[in-house]
Each structure stands twice: as structure tokens, then as C-alpha cells.
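The sequence shown begins at 195 in this note's numbering and counts up one residue at a time. Below is one structure, written out as C-alpha cells; the observations come after it.
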Amino acid sequence: MLKEIKHILGRGDILIVEFTKKNGEKRKMKCTTSMDRIPESAHPLEGSTFTYNTEKSLRVYDVEAEGWRSFRVDSVDAITSTSEL
Numbered sequence: 195m196l197k198e199i200k201h202i203l204g205r206g207d208i209l210i211v212e213f214t215k216k217n218g219e220k221r222k223m224k225c226t227t228s229m230d231r232i233p234e235s236a237h238p239l240e241g242s243t244f245t246y247n248t249e250k251s252l253r254v255y256d257v258e259a260e261g262w263r264s265f266r267v268d269s270v271d272a273i274t275s276t277s278e279l
């Protein structure tokens, strides 16, 4: 699943990810890591230790909430690329 998610995000697409939060709540999020789709005011500062992802979790920009969020890869129930809709 991680490879597929990284592939979609790497294309610059918006990803719709459905996952289960730690508290058991289901969540659906439209997200991206493409700086072209993220407002400049939300770009990481140069020289920061900002991390996009690890092997267990991904940090993405939630385009609807307009902020950075993360989710655990093992909590993902489904993914869809907006280019596939």
C-alpha cells in the first residue's frame, strides 16, 4: 500500500485516503504533497527538518482542512486518486 500511495503522491495528484484514526474513528481526507497544489504560505521553511514520510506514516497537506496532517500507513482502508475519478 505504501508504494501505491507514494506513486500517486509522486505524480502530483490529489489522493483521497480513507483510514481509521487511533481512536477508532473513520476519516476521509483529500491530500497531496505537491508544492504546486499547496499554498505558498503553507510551504515548509527552507532548512527545516520537515519530513514528508517515514516507513510507517505519511505527512500530507489536507486540501480541504488547509493544513498539514499525517496518517499511519497501516490504518489505511482505501485510496483513490482524483485523476481516476
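Backbone N, C-alpha and C fix where the C-beta goes; we use that ideal spot for every residue, glycine too. None of the values given here were measured: they were computed from a predicted structure.
Given a cut-off of 8 angstroms on the beta-carbon distance, is the pair S277 and D207 in contact?
In this structure, D207 lies closer than 8 angstroms to S277 by Cβ.
Mapping DSSP to helix, strand and coil, what is T276?
When secondary structure is reduced to three states using DSSP, T276 falls in the helix class.
C-beta atoms of I214 and Y255 nearer than 8 angstroms:
The sequence shown places Thr at residue 214, not Ile. It is not a contact, given that the beta carbons lie outside the stated cut-off.
Among all the DSSP beta bridges, which residues are the ones paired with D256?
According to DSSP, D256 bridges with C225, G261.
If distances are taken between C-alpha atoms only, which option among T248, H237, S269, K250 comes closest to G261?
Considering only alpha carbons, the answer is H237.
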